[in-house]
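Under our numbering, the letters of the sequence shown match residues 8 to 349, in that order. We put the CB at the ideal spot given by N, CA and C, even for glycine. Keep in mind it's a predicted model, so treat the numbers as computed, not measured. See structure below.
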Amino acid sequence: MSKNKYFDLISSIQPDTRTQLDSILIIDGLNTFLRSFTMINHLNADGHHIGGLTGFLKSIGYAIKMLSPTKVVIVFDGIGGSSARRNLFPDYKANRNTNRMTNYSIFQSKEEESESINNQMQRLILYLKCLPVTVISIDGLEADDIIGYLAHKFENFPETQEINIMSADQDFLQLVSPKTSVYSPTKKKIYKPKDVLEEFGVSSYNFLNYKILLGDNSDNVPGITGLGPKKLNKLFPELASDNPVTLDEIIEKSANQIDENKLYLSVVERRHQLAINHQLMSLNGSFLSPENKQVVKDAFNNSYEINKYLFHQIYVNDRLGESIPNVDNWLQETFGYLNSLN
(Lines of atoms letter the chains of each structure in order from A and count residues from 1; the text may use other names and numbers.)
(Lines give C-alpha, C1' and ligand atoms only; values in the text may rest on other atoms or scores of the structure.)
Protein backbone atom coordinates (compact mmCIF):
# COMPACT_ATOMS: atom_id res chain seq x y z
CA MET A 1 0.00 0.00 0.00
CA SER A 2 1.36 3.42 -0.92
CA LYS A 3 1.93 6.05 1.74
CA ASN A 4 -0.90 8.23 0.37
CA LYS A 5 -3.40 5.36 0.35
CA TYR A 6 -2.39 4.44 3.91
CA PHE A 7 -3.11 7.97 5.16
CA ASP A 8 -6.41 8.04 3.21
CA LEU A 9 -7.45 4.86 5.00
CA ILE A 10 -6.54 6.24 8.42
CA SER A 11 -8.37 9.51 7.81
CA SER A 12 -11.52 7.63 6.79
CA ILE A 13 -11.80 6.01 10.24
CA GLN A 14 -13.86 8.43 12.32
CA PRO A 15 -14.39 8.15 16.08
CA ASP A 16 -17.93 7.58 17.37
CA THR A 17 -19.00 11.12 18.22
CA ARG A 18 -22.64 10.31 18.94
CA THR A 19 -24.29 11.45 22.15
CA GLN A 20 -26.19 9.20 24.54
CA LEU A 21 -29.56 10.33 23.16
CA ASP A 22 -28.66 9.90 19.50
CA SER A 23 -30.04 6.37 19.01
CA ILE A 24 -32.35 4.85 21.59
CA LEU A 25 -33.23 1.16 21.78
CA ILE A 26 -36.30 0.40 23.92
CA ILE A 27 -36.82 -3.28 24.74
CA ASP A 28 -40.11 -4.86 25.77
CA GLY A 29 -38.62 -6.85 28.65
CA LEU A 30 -41.31 -9.37 29.57
CA ASN A 31 -42.17 -10.05 25.92
CA THR A 32 -38.51 -10.82 25.23
CA PHE A 33 -38.08 -12.94 28.35
CA LEU A 34 -41.23 -15.07 27.93
CA ARG A 35 -40.50 -15.69 24.26
CA SER A 36 -37.03 -16.94 25.23
CA PHE A 37 -38.35 -18.97 28.16
CA THR A 38 -40.91 -20.74 26.00
CA MET A 39 -38.76 -21.37 22.93
CA ILE A 40 -35.33 -22.16 24.37
CA ASN A 41 -34.96 -25.38 26.35
CA HIS A 42 -31.48 -24.83 27.73
CA LEU A 43 -30.68 -26.72 30.94
CA ASN A 44 -27.64 -26.06 33.10
CA ALA A 45 -25.39 -28.75 34.57
CA ASP A 46 -27.80 -29.15 37.49
CA GLY A 47 -30.72 -29.82 35.16
CA HIS A 48 -32.37 -26.46 35.79
CA HIS A 49 -34.05 -24.62 32.93
CA ILE A 50 -32.09 -21.48 31.98
CA GLY A 51 -33.60 -20.70 28.56
CA GLY A 52 -35.24 -17.49 29.77
CA LEU A 53 -31.92 -16.13 31.01
CA THR A 54 -29.67 -17.15 28.15
CA GLY A 55 -32.25 -16.42 25.47
CA PHE A 56 -32.93 -12.94 26.82
CA LEU A 57 -29.26 -11.99 27.12
CA LYS A 58 -28.34 -13.30 23.68
CA SER A 59 -31.43 -11.72 22.11
CA ILE A 60 -30.74 -8.23 23.43
CA GLY A 61 -27.04 -8.68 22.61
CA TYR A 62 -27.94 -9.50 19.01
CA ALA A 63 -30.18 -6.42 18.78
CA ILE A 64 -27.53 -4.13 20.26
CA LYS A 65 -24.88 -5.35 17.82
CA MET A 66 -27.28 -4.97 14.89
CA LEU A 67 -28.73 -1.56 15.78
CA SER A 68 -25.73 0.02 17.55
CA PRO A 69 -27.77 2.20 19.92
CA THR A 70 -26.31 4.87 22.18
CA LYS A 71 -28.86 4.20 24.94
CA VAL A 72 -30.63 0.94 25.89
CA VAL A 73 -33.81 0.99 27.96
CA ILE A 74 -35.44 -2.26 29.09
CA VAL A 75 -39.04 -1.88 30.28
CA PHE A 76 -40.96 -4.48 32.30
CA ASP A 77 -44.63 -4.61 33.30
CA GLY A 78 -45.23 -3.40 36.83
CA ILE A 79 -47.25 -5.30 39.44
CA GLY A 80 -50.93 -4.88 38.62
CA GLY A 81 -50.03 -3.35 35.28
CA SER A 82 -53.32 -4.33 33.63
CA SER A 83 -55.55 -2.98 36.42
CA ALA A 84 -56.25 0.39 34.75
CA ARG A 85 -57.38 -1.28 31.54
CA ARG A 86 -59.46 -3.82 33.46
CA ASN A 87 -61.20 -0.94 35.23
CA LEU A 88 -62.07 0.39 31.78
CA PHE A 89 -62.96 -3.03 30.31
CA PRO A 90 -63.32 -5.89 32.85
CA ASP A 91 -62.86 -8.57 30.17
CA TYR A 92 -59.41 -7.26 29.22
CA LYS A 93 -57.05 -10.26 29.10
CA ALA A 94 -59.73 -12.38 30.81
CA ASN A 95 -58.95 -15.17 28.34
CA ARG A 96 -55.42 -15.64 29.71
CA ASN A 97 -55.37 -19.08 31.33
CA THR A 98 -52.94 -18.77 34.22
CA ASN A 99 -53.06 -22.53 34.79
CA ARG A 100 -51.89 -23.43 31.30
CA MET A 101 -48.32 -24.64 30.94
CA THR A 102 -46.25 -23.38 28.03
CA ASN A 103 -43.43 -25.91 28.09
CA TYR A 104 -44.57 -29.50 28.64
CA SER A 105 -41.26 -31.01 27.57
CA ILE A 106 -39.36 -29.50 30.53
CA PHE A 107 -41.74 -29.03 33.46
CA GLN A 108 -43.96 -31.49 35.31
CA SER A 109 -46.51 -28.95 36.54
CA LYS A 110 -47.60 -25.35 36.17
CA GLU A 111 -46.31 -24.64 39.67
CA GLU A 112 -42.84 -25.88 38.70
CA GLU A 113 -42.88 -23.78 35.54
CA SER A 114 -44.05 -20.66 37.41
CA GLU A 115 -41.31 -21.11 39.98
CA SER A 116 -38.71 -21.32 37.22
CA ILE A 117 -40.08 -18.14 35.59
CA ASN A 118 -39.91 -16.25 38.88
CA ASN A 119 -36.42 -17.53 39.68
CA GLN A 120 -35.05 -16.69 36.25
CA MET A 121 -36.63 -13.24 36.28
CA GLN A 122 -35.03 -12.48 39.64
CA ARG A 123 -31.66 -13.66 38.37
CA LEU A 124 -32.10 -11.69 35.15
CA ILE A 125 -32.39 -8.43 37.08
CA LEU A 126 -29.06 -9.21 38.74
CA TYR A 127 -27.43 -9.66 35.34
CA LEU A 128 -28.96 -6.43 34.02
CA LYS A 129 -27.58 -4.51 37.00
CA CYS A 130 -24.13 -5.48 35.72
CA LEU A 131 -24.74 -3.99 32.27
CA PRO A 132 -24.80 -0.36 31.00
CA VAL A 133 -28.57 -0.35 30.46
CA THR A 134 -31.57 1.38 32.02
CA VAL A 135 -34.34 -0.76 33.55
CA ILE A 136 -37.80 0.71 34.13
CA SER A 137 -40.82 -0.89 35.80
CA ILE A 138 -43.66 0.97 37.53
CA ASP A 139 -46.39 -0.76 39.51
CA GLY A 140 -49.81 -0.25 37.97
CA LEU A 141 -48.45 0.27 34.45
CA GLU A 142 -47.90 -2.04 31.52
CA ALA A 143 -44.58 -1.84 29.72
CA ASP A 144 -46.47 -0.85 26.55
CA ASP A 145 -47.58 2.45 28.09
CA ILE A 146 -44.09 3.39 29.27
CA ILE A 147 -42.59 2.44 25.89
CA GLY A 148 -45.25 4.47 24.06
CA TYR A 149 -44.63 7.46 26.30
CA LEU A 150 -40.87 7.30 25.74
CA ALA A 151 -41.27 6.91 21.97
CA HIS A 152 -43.57 9.96 21.75
CA LYS A 153 -41.25 11.96 23.98
CA PHE A 154 -38.14 11.31 21.91
CA GLU A 155 -39.97 11.65 18.58
CA ASN A 156 -39.94 15.37 19.31
CA PHE A 157 -36.50 15.50 20.88
CA PRO A 158 -34.09 17.16 18.42
CA GLU A 159 -31.00 15.33 19.69
CA THR A 160 -32.53 11.92 19.02
CA GLN A 161 -31.94 10.70 15.48
CA GLU A 162 -33.64 7.32 15.76
CA ILE A 163 -35.71 5.19 18.12
CA ASN A 164 -35.94 1.40 17.84
CA ILE A 165 -38.48 -0.63 19.78
CA MET A 166 -37.73 -4.34 20.21
CA SER A 167 -40.85 -6.46 20.63
CA ALA A 168 -42.88 -9.15 18.87
CA ASP A 169 -46.07 -7.28 19.88
CA GLN A 170 -47.79 -5.75 16.84
CA ASP A 171 -49.34 -2.99 18.98
CA PHE A 172 -46.10 -1.02 18.72
CA LEU A 173 -46.51 -0.63 14.95
CA GLN A 174 -48.80 2.34 15.69
CA LEU A 175 -45.63 4.18 16.81
CA VAL A 176 -43.68 3.63 13.58
CA SER A 177 -42.58 6.83 11.85
CA PRO A 178 -39.57 8.05 9.85
CA LYS A 179 -37.74 8.30 13.20
CA THR A 180 -39.22 5.32 15.08
CA SER A 181 -38.89 1.69 13.95
CA VAL A 182 -40.01 -1.60 15.48
CA TYR A 183 -37.71 -4.62 15.45
CA SER A 184 -39.59 -7.92 15.63
CA PRO A 185 -37.19 -10.62 16.92
CA THR A 186 -39.59 -13.39 15.89
CA LYS A 187 -39.75 -12.22 12.27
CA LYS A 188 -36.17 -10.89 12.26
CA LYS A 189 -37.62 -7.81 10.62
CA ILE A 190 -37.34 -4.08 11.21
CA TYR A 191 -40.61 -2.29 10.54
CA LYS A 192 -40.38 1.14 8.98
CA PRO A 193 -43.43 2.99 7.56
CA LYS A 194 -43.18 1.29 4.16
CA ASP A 195 -43.03 -2.16 5.80
CA VAL A 196 -46.21 -1.60 7.83
CA LEU A 197 -48.06 -0.47 4.71
CA GLU A 198 -46.74 -3.37 2.64
CA GLU A 199 -47.66 -6.06 5.18
CA PHE A 200 -50.96 -4.76 6.54
CA GLY A 201 -52.31 -2.49 3.83
CA VAL A 202 -52.61 0.44 6.24
CA SER A 203 -50.12 3.12 7.18
CA SER A 204 -48.50 3.16 10.59
CA TYR A 205 -50.31 6.44 11.25
CA ASN A 206 -53.60 4.55 11.00
CA PHE A 207 -52.46 1.19 12.42
CA LEU A 208 -54.26 1.97 15.68
CA ASN A 209 -57.55 2.13 13.74
CA TYR A 210 -56.70 -1.21 12.15
CA LYS A 211 -56.35 -2.74 15.63
CA ILE A 212 -59.45 -0.99 16.97
CA LEU A 213 -61.65 -2.35 14.18
CA LEU A 214 -60.23 -5.89 14.13
CA GLY A 215 -59.82 -6.26 17.90
CA ASP A 216 -57.18 -8.38 19.57
CA ASN A 217 -57.93 -11.99 20.52
CA SER A 218 -54.78 -12.30 22.61
CA ASP A 219 -56.02 -9.51 24.91
CA ASN A 220 -59.69 -10.53 24.65
CA VAL A 221 -60.60 -7.21 23.00
CA PRO A 222 -63.49 -7.68 20.53
CA GLY A 223 -63.51 -6.15 17.07
CA ILE A 224 -66.18 -6.03 14.38
CA THR A 225 -67.52 -9.54 13.77
CA GLY A 226 -66.97 -10.63 10.17
CA LEU A 227 -64.42 -7.92 9.45
CA GLY A 228 -61.00 -9.24 8.45
CA PRO A 229 -57.91 -7.45 7.13
CA LYS A 230 -58.90 -7.71 3.45
CA LYS A 231 -62.45 -6.45 4.02
CA LEU A 232 -61.17 -3.68 6.24
CA ASN A 233 -58.78 -2.47 3.53
CA LYS A 234 -61.63 -2.55 1.01
CA LEU A 235 -64.14 -0.68 3.21
CA PHE A 236 -61.64 1.86 4.55
CA PRO A 237 -58.96 2.41 1.89
CA GLU A 238 -58.23 5.82 3.44
CA LEU A 239 -56.37 4.01 6.23
CA ALA A 240 -53.54 3.41 3.76
CA SER A 241 -52.89 7.14 3.76
CA ASP A 242 -50.31 8.82 5.99
CA ASN A 243 -53.04 11.26 7.00
CA PRO A 244 -54.35 10.13 10.40
CA VAL A 245 -58.04 9.20 10.31
CA THR A 246 -60.05 9.67 13.51
CA LEU A 247 -62.45 7.09 14.90
CA ASP A 248 -65.24 9.67 14.60
CA GLU A 249 -64.51 9.96 10.88
CA ILE A 250 -64.66 6.17 10.50
CA ILE A 251 -68.03 6.03 12.27
CA GLU A 252 -69.38 8.98 10.29
CA LYS A 253 -68.38 7.37 7.00
CA SER A 254 -69.95 4.08 8.09
CA ALA A 255 -73.22 5.84 9.03
CA ASN A 256 -73.36 7.40 5.56
CA GLN A 257 -72.75 4.08 3.76
CA ILE A 258 -74.84 1.63 5.77
CA ASP A 259 -76.77 0.58 2.68
CA GLU A 260 -73.59 -0.39 0.81
CA ASN A 261 -72.37 -3.07 3.21
CA LYS A 262 -73.78 -4.52 6.43
CA LEU A 263 -70.35 -4.27 8.04
CA TYR A 264 -70.71 -0.48 8.00
CA LEU A 265 -73.84 -0.95 10.11
CA SER A 266 -71.85 -3.14 12.53
CA VAL A 267 -69.29 -0.36 12.91
CA VAL A 268 -72.01 2.13 13.82
CA GLU A 269 -73.72 -0.28 16.20
CA ARG A 270 -70.44 -1.14 17.92
CA ARG A 271 -69.19 2.44 18.20
CA HIS A 272 -69.24 2.32 22.01
CA GLN A 273 -66.97 -0.75 22.08
CA LEU A 274 -64.74 0.81 19.42
CA ALA A 275 -64.32 3.88 21.62
CA ILE A 276 -63.27 1.58 24.48
CA ASN A 277 -60.89 -0.23 22.13
CA HIS A 278 -59.30 3.10 21.28
CA GLN A 279 -58.55 3.78 24.94
CA LEU A 280 -57.33 0.22 25.53
CA MET A 281 -55.04 0.06 22.52
CA SER A 282 -53.66 3.57 22.22
CA LEU A 283 -50.05 3.93 23.37
CA ASN A 284 -50.17 7.71 23.76
CA GLY A 285 -49.19 7.69 27.43
CA SER A 286 -52.69 8.48 28.69
CA PHE A 287 -52.43 5.89 31.49
CA LEU A 288 -49.38 7.67 32.97
CA SER A 289 -50.04 10.21 35.71
CA PRO A 290 -47.74 13.25 36.05
CA GLU A 291 -46.07 11.40 38.94
CA ASN A 292 -45.53 8.35 36.72
CA LYS A 293 -43.96 10.51 34.03
CA GLN A 294 -41.53 11.96 36.54
CA VAL A 295 -40.60 8.45 37.71
CA VAL A 296 -39.94 7.44 34.09
CA LYS A 297 -37.84 10.56 33.53
CA ASP A 298 -35.78 9.92 36.67
CA ALA A 299 -35.32 6.24 35.80
CA PHE A 300 -34.34 7.05 32.21
CA ASN A 301 -31.53 9.27 33.44
CA ASN A 302 -30.04 6.43 35.49
CA SER A 303 -28.03 3.63 33.90
CA TYR A 304 -26.06 0.82 35.44
CA GLU A 305 -22.37 0.51 34.64
CA ILE A 306 -20.74 -2.56 33.22
CA ASN A 307 -19.38 -4.88 35.90
CA LYS A 308 -17.71 -7.79 34.15
CA TYR A 309 -16.46 -9.36 37.36
CA LEU A 310 -19.87 -9.55 39.06
CA PHE A 311 -21.61 -10.60 35.83
CA HIS A 312 -19.13 -13.44 35.39
CA GLN A 313 -19.52 -14.45 39.04
CA ILE A 314 -23.32 -14.70 38.69
CA TYR A 315 -22.88 -16.50 35.37
CA VAL A 316 -20.65 -19.13 36.99
CA ASN A 317 -22.97 -19.51 40.01
CA ASP A 318 -25.91 -20.15 37.66
CA ARG A 319 -23.75 -22.69 35.82
CA LEU A 320 -24.61 -21.25 32.42
CA GLY A 321 -21.50 -22.88 30.96
CA GLU A 322 -21.09 -22.32 27.22
CA SER A 323 -24.59 -20.89 26.76
CA ILE A 324 -22.83 -17.66 25.77
CA PRO A 325 -19.50 -18.67 24.22
CA ASN A 326 -16.54 -16.62 25.45
CA VAL A 327 -18.75 -14.53 27.73
CA ASP A 328 -16.04 -11.99 28.66
CA ASN A 329 -15.41 -11.08 25.02
CA TRP A 330 -19.18 -11.01 24.42
CA LEU A 331 -19.61 -8.50 27.24
CA GLN A 332 -16.91 -6.18 25.90
CA GLU A 333 -17.92 -6.40 22.24
CA THR A 334 -21.62 -5.93 22.97
CA PHE A 335 -21.72 -3.45 25.86
CA GLY A 336 -18.27 -1.87 26.09
CA TYR A 337 -19.02 1.19 23.96
CA LEU A 338 -22.35 1.78 25.76
CA ASN A 339 -20.50 2.01 29.04
CA SER A 340 -18.38 4.87 27.68
CA LEU A 341 -21.53 6.82 26.71
CA ASN A 342 -23.16 6.65 30.17
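Asked, Found
"Per DSSP, which residues does residue 128 bridge with? Please list them.", "Bridge partners of residue 128: none, in fact."
"Count the other CB atoms within 10 Å of the CB of residue 14; is the residue buried (16 or more) or exposed (fewer)?", "For residue 14, the predicted structure reports a pLDDT of 48, less than 50, and the residue's modelled location is therefore unreliable. The matter cannot be settled from this model."
"Would you mind sorting residue 71 into buried or exposed? The rule is 16 or more other CB atoms within 10 Å of its CB.", "buried"
"By Cβ distance, which residues of its chain are closer than 6 Å to residue 261, with the 5 residues on each side in sequence left out?", "271, 274 and 275"
"Do residue 156 and residue 180 have their CB atoms nearer than 7 Å?", "no"
"Do you know how far the Cα of residue 326 is from the Cα of residue 343?", "24 Å"
"Taking residue 195 as part of the beta strand (DSSP E), name the residues at either end of that continuous run.", "Neither: residue 195 is in no beta strand (DSSP E) and is coded neither H nor E."
"DSSP three-state label for residue 35, please.", "strand"
"What is the residue span of the beta strand (DSSP E) that residue 268 lies within?", "Careful: residue 268 lies outside any beta strand (DSSP E) and carries neither H nor E."
"Beta-carbon separation of residue 34 and residue 81 under 7 Å?", "yes"
"When you compare the stretch 226-237 with the stretch 277-284, are there three or more beta-carbon pairs, one atom per stretch, that lie closer than 8 Å?", "yes"
"My guess is that residue 202 and residue 178 are in contact by the Cβ rule of under 8 Å, so how many angstroms apart are they, rounded?", "About 16 Å; that fails the 8 Å criterion."
"In three-state terms, what does DSSP make of residue 199?", "coil"
"Measuring straight from C-alpha to C-alpha, what distance separates residue 149 and residue 142?", "14 Å"
"Between the beta-carbon of residue 139 and the beta-carbon of residue 345, is there less than 7 Å?", "yes"
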